[in-house]
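All remarks here apply to the structure that follows.
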Amino acid sequence: MAKRLKEDKKDNSLKEIFSLIDKKKSFVLEAGAGSGKTWTLIESIKYVLKNKAEELKKNNQKIICITYTNVAADEIKNRIENNSLVSISTIHDFLWNLIKDYQDELKKEIVEYNKESKSPIEGLEDIIFEKDIRYLGHGRNFEKGIITHDDVILIASKIFDKYNKIVNIVINKYPFIFIDEYQDTQQETVDILVEKVLARGDKNIVIGFFGDSMQKIYNQGVGKIENDLLQSVTKLENFRCSKRVIELLKKIRPELDQYPAGNNLDGDIYFFHCNNNLNRDDENYKKLRESLEKNYGWDFNSPETKILMLTHKGIANKLDYQNLLNTYNIMSYGRERLYEHEEAFSELFIEKIEKAVSLYKEERYGDFIDLLGIEGFKIANHKDKIKIRERMDRLIELRKNKEIKDVIDYVFESNLISKTLKIHNFEKLLKEGIEEKKITFYNNLMKIKYSEVINLNNYIRKFTPFSTKHGIKGEEYNNVLVVIDDAAWKQYNFNEVLSGNKQNENRFDRSRNLFYVSCSRAKNQLAIISMSKINEIAMENMNEWFGKKNVFDIKLFSQ
């Protein structure tokens, strides 16, 4: 069990962390939603810089800060003013940078990894002998020397197990290692840092884990960390949520006694159910939105209002790009590559066509011309400007009612946008006719109305109030509407959470974590609507959690 530090009602967590840093003791910070976890992490980095900068420079050492996403890494870099003594990266990039130069060792581990797989590649040892091992996000291809996210962590774990020299390099180079969102870190990564690095360099290194076990909402995360080498510190403040929301969070998570610590609003919370009016035609949801706007002043066109749904499929149906999503699901990691717009056509849609249209409409002509310049469009005189205007106006019209094939054919034929290397490579695969899945994907994609791309782009660019519950961690909004529906995804059952039914403990924890994360986004008003029936025990609990006057039959509420 982790050692527990005594915590008074007044939050002393930052002072405790500073004390542990001074004593060279490693720790886990458990920081509830809205507590200022990232601020605490940054203040910890600043404290080390203030007190250890000269020592770090002298020893040619750095603080390493490991984050879960590139977005988080960029935020932290900005907030510490890009200090050169701090290296900030994702865990995958951190591990890859440590092991990438050990090419012989990498090849040995890949060969062993291949032997243990369900469908091993014959003769792989000879195939990769002269290859350089490279790391890409998706698309494993051992024969070409390409490994992916999951491979990096597993292979790094094996290398740290076998080669002491790499452990010593970490200890000597990074005397302070801070990990953001520790609950989302994979167990293998925690084992590398704690069981390998910290166990060997205990007196020369400080490892700090910052996060919240109840905000583990991804399958691969470790969730909770308990280890005798780590002191436990708890942060009880909540600067974000309204007072009513904080009281609700304590009902959801009674083991963490958070309290308002900033300029918290009083706020309001509501629970809506459809027990007496169940249907699947979204009529309940539409009536609720109208009533919240009319009676409670919600503005669903404001960026300060967010509707949280469980699945991308649900949002795609609401915003009408379901055919596009279904088509991308044909391919491996298709959905991820669509939303991250890194696949050939999704990149073309979002980063080229839609971006050009947006810049043109906003009259940001300098950036617009730069984009066209990148694509090879030459503007020599006034006639060229007229051509651009005519072609862009035509493109804008085609986007509204034509199919995807019509639009991309037009942008290429009109020379508005040139084919990217990814598009050329994709077309080459089509001509070879080898990959049937990609042929099916392409044929289906070309027949979809381009208007679905517009709708997807609006969602990606956050021009709509919708988000998935998984997609808003770390964010906050004035008003939040959480849609729960136990028919949407069998991995989750919110009725069990509302009724306290822990018969399926894994599903209960998974559902409660997601419910907690969703509710804790609200700075002022929070509304929950259950689209599926809830049982009598859940109804009794909702009357107690929300107060009877704030629990509504959606049919009666919206009349």
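Sequential numbering of the sequence shown, starting at -15, is according to this note's numbering.
Where a beta carbon is used, it is the ideal one built from N, C-alpha and C, also for glycine.
Counting the other Cβ atoms within 10 Å of the Cβ of Gln487 gives fewer than 16, which makes it exposed. For Arg118, the three-state secondary structure derived from DSSP is strand. Approximately 6 Å separates the beta-carbon atoms of Ile209 and Tyr166; this is inside 8 Å, confirming the contact. When Cβ pairs closer than 8 Å are counted between the two stretches, the region 365 to 375 is seen not to touch the region 428 to 445, the count staying below three.
For the set Glu524, Ile291 and Asp493, the Cα lying nearest the Cα of Thr452 is the one of Ile291. DSSP places Val181 in the helix class (H, G or I) of the three-state scheme.
For Phe160, no alpha helix (DSSP H) segment is defined; the enclosing uninterrupted segment is the beta strand (DSSP E) at Phe160 to Asp164. Assignment of beta-bridge partners to Tyr254 by DSSP yields Ala511.
Within the same chain, Ala300 come within 6 Å of Gln306 by CB-CB distance, once the 5 residues on both sides are set aside. The region 508 to 521 makes contact with the region 463 to 472; the number of CB pairs closer than 8 Å reaches 3 or more. With a 10 Å radius around the Cβ and a threshold of 16 neighbouring Cβ atoms, Ser101 comes out exposed.
For Trp529, the closest of Lys21, Lys336, Asp390 and Pro238 by C-alpha to C-alpha distance is Pro238. DSSP, reduced to helix, strand and coil, places Gln170 outside both helices and strands of the structure shown, so it counts as coil. Under DSSP, Gly16 takes part in no beta bridge, so it has no partner. The C-beta distance from Ile94 to Phe126 rounds to 6 Å, short enough to meet the 8 Å contact threshold. When Ile163, Ser502, Ile130 and Ser141 are compared, the shortest CA-CA separation from Ser28 is found for Ile163. By the neighbour-count definition (other C-beta atoms within 10 Å, threshold 16), Tyr269 is a buried residue. In the structure shown, Ser226 adopts coil according to DSSP, grouped into three states.
In this structure, the beta-carbon distance from Ile50 to Val70 does not fall below 9 Å. Classified as exposed, Glu39 has fewer than 16 neighbouring CB atoms from the shown chains inside 10 Å of its CB. The secondary-structure analysis by DSSP pairs Glu221 across a beta bridge with Tyr243. For Ile380, the CB contacts under 7 Å within the same chain, skipping 5 residues up- and downstream, are Val341 in chain order. Spanning the alpha carbons of Asn67 and Gly205 requires a straight line of approximately 29 Å.
Contact check for Ile26 and Ile1: beta-carbon distance about 12 Å, past the 8 Å limit, so the pair fails to qualify. Between the region 183 to 202 and the region 493 to 507 there are three or more C-beta pairs closer than 8 Å, enough to call the two in contact. Segment contact: the region 386 to 400 against the region 327 to 343, three or more CB-CB distances shorter than 8 Å; contact assigned.
Under the three-state reduction of DSSP, Val206 is assigned to coil, being neither helix nor strand. The beta carbons of Ile189 and Ser141 sit about 19 Å from each other, so the pair does not count as a contact at 8 Å.
Rounded to the nearest whole angstrom, the C-alpha separation of Lys227 and Lys517 is 28 Å. Cβ contact annotation for Cys503 (same chain, cutoff 8 Å, sequence separation greater than five): Val229, Leu232, Leu233, Ile236, Val464, Val466, Leu510 and Ile512, in chain order. In this structure, Val151 and Leu79 do not form a Cβ contact; the two beta carbons are roughly 13 Å apart against a cut-off of 8 Å. Bounds of any alpha helix (DSSP H) do not take in Met315, whose DSSP letter is neither H nor E. As for any alpha helix (DSSP H) of minimum length 4 sitting wholly inside the region 53 to 111, the runs are 54 to 63, 75 to 83, 87 to 100 and 108 to 111, ordered along the chain.
Classified as buried, Asn222 has 16 or more neighbouring CB atoms from the shown chains inside 10 Å of its CB. Membership of Met430 in the alpha helix (DSSP H) is indicated by the continuous run Glu420 to Met430. A direct Cα-to-Cα measurement between Asp(-5) and Ile64 gives close to 24 Å.
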